[in-house]
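Data block below; observations after.
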Amino acid sequence: MLDITNKKRIYAILLKRKCVILHLKSILLKQNQLEFPYQLPFFKEQHITFDSPITILVGENGSGKSTFLELINEKLKLYRIEMENTYQKELRDILKKASKDITLKYALTKPQGFFFCAEDFTSYIHFLVREKNEALSELKRIETEYKNKSDLSRSLAKGPSSKTLYEIDNLYDRDLLKSSHGEAYLSFFSSRLRKNQIYLLDEPETPLSIQNQLTLITLIHDAVKEGNQFIIATHSPIVMSIPGAVILSLSDQGVEKIKFDEIESVLLLKQFLNYPDSFFKHLF
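See the structure below:
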């Protein structure tokens, strides 16, 4: 097994030679049961390969794009921000069992990276807001209750809450709580990018304007040059259009490699933009 030093040395050589780095090369699947998630399209395939550092997953809601990423992450155990609730725990238990029926093939060793879900980020922002409000309330309480005590006692009592506020305010280059949701999202995403890692992105376009989606794909494009690999589930035609990406369509027929201009939602959007009046005549 490669140690960390040798692994870094190999990656450095590959980057210097401008080689494409695919940390995750393929997935083997066994459809051992019929219930969720085994009935999803990707389980009909016995072998799914990754031929590009950027893989785009497209398909209707319910086609299994998010579940596919979740199953991969059950094997990889990538870092993610997650405010787990009862439903998520039940889902995680189901996926943990199902992950025993998939096998991942790596280029070198099991990669590190990040699982980035738009819903997780929203929960994380709400968590930061609650933490900050609780810390501010605690400081007010201490000011009142320690009014007649020494400065040292008051300072010691304020310590933990003051530290919490400092960490929240200085955690990222941009203040996530004062920025727009899209700006905060991009700042957080950018702060998590490293070299030679794999990133699973679940509908990363959700909080982003068109302009910010273009910024996102620029960040992804630049990160690939640093030896990173991305697997992205998306509904956004802009994200789908990333140059050099391989697009996998998930449907009842299974998993199929398609071109950007063959994606049904892209074709529909083009038709709508070219002939909006025709659509409105049928709708109203």
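Terminal number for the sequence shown in our numbering: 303, no gaps in between. C-beta: ideal position from N, C-alpha, C; glycine also. Values in this document were obtained by computation on a predicted structure and should not be read as measured data.
*Measure the C-alpha to C-alpha separation of Ala252 and Leu220 and round it to an integer number of angstroms.*
A straight line joining the alpha-carbon of Ala252 with that of Leu220 spans about 6 angstroms.
*asked:* Taking the straight line between their C-alpha atoms, what separation do you get for Ile250 and Ile75?
replied: Rounded to the nearest angstrom, the two C-alpha atoms are 6 angstroms apart.
*Output the residue ranges of the beta strand (DSSP E) runs that lie fully inside the segment 98-181 and measure 3 residues or longer, sorted by chain position.*
Fully enclosed beta strand (DSSP E) runs of 3 or longer: 121-125 and 132-136.
*What first and last residue would you give for the alpha helix (DSSP H) that runs through Ile257?*
In this chain, the alpha helix (DSSP H) harbouring Ile257 covers Pro256 to Met259.
*asked:* Relative to the C-alpha of Glu157, which candidate in Lys129, Gln131, Leu184 and Tyr218 has its C-alpha closest?
replied: The residue with the shortest Cα to Cα distance from Glu157 is Leu184.
*What are the boundary residues of the beta strand (DSSP E) that includes Leu267?*
If you look at Leu267, you'll find it in the beta strand (DSSP E) that goes Val265 to Ser270.
*Excluding the five sequence neighbours on either side, which residues of its own chain have a C-beta within less than 7 angstroms of the C-beta of Leu43, listed in chain order?*
For Leu43, same chain residues with a beta-carbon under 7 angstroms away, outside a window of 5 residues either side, are Phe69, Leu123, Tyr125, Pro130, Ile217 and Gln248 in chain order.
*Going by other Cβ atoms of all chains shown within 10 Å of its Cβ, with 16 needed for buried, is Phe291 buried or exposed?*
Exposed is the call here.
*asked:* Checking the sheet assignment: what are the DSSP bridge partners for Asp221?
replied: Under the DSSP definition of a beta bridge, Asp221 partners with Cys136 and Ala252.
*Can you tell which of Leu114, Gly263 and Ile257 has the C-alpha that lies nearest to the C-alpha of Leu227?*
A check of alpha carbon separations from Leu227 across Leu114, Gly263 and Ile257 identifies Ile257 as the nearest.
*Tell me the start and end of each unbroken alpha helix (DSSP H) in the segment 71-102 that is at least 4 residues and wholly inside, in chain order.*
Listed in chain order, they are 84-95.
*Considering only the beta carbon of each residue, do Leu41 and Ser71 sit closer than 9 angstroms?*
The answer is yes: Cβ separation under 9 angstroms.
_Rounded to the nearest angstrom, what separates Phe62 and Thr128 at their Cα positions?_
Rounded to whole angstroms, Phe62 to Thr128 spans 24 angstroms at the Cα level.
_Considering only the alpha carbon of each residue, which of Leu212, Ile144, Leu147 and Gly178 lies closest to Lys159?_
Nearest C-alpha to Lys159 among Leu212, Ile144, Leu147 and Gly178: Gly178.
*Per-residue DSSP class, three states only, for Gly201*: Residue state, collapsed to three classes: helix.
*asked:* Can you list, in chain order, the residues of its chain with a C-beta nearer than 7 angstroms to that of Tyr204? Leave out the 5 residues immediately preceding and following it.
replied: Hits under 7 angstroms: Phe140, Pro226 and Leu227.
*Reducing DSSP to helix, strand and coil, say where His240 ends up.*
Correct three-state label for His240: helix.
*Among Gln230, Phe208, Leu267 and Val265, which residue has its Cα nearest to the Cα of Ile239?*
Considering only Gln230, Phe208, Leu267 and Val265, the residue with the shortest C-alpha distance to Ile239 is Phe208.
*Select from Lys244, Gln65 and Leu59 the residue whose C-alpha is nearest the C-alpha of Gly81.*
The residue from Lys244, Gln65 and Leu59 with its alpha-carbon nearest to that of Gly81 is Leu59.
*Give a yes or no on whether the C-beta atoms belonging to Glu224 and Ala137 are separated by under 9 angstroms.*
In this structure, Ala137 lies closer than 9 angstroms to Glu224 by Cβ.
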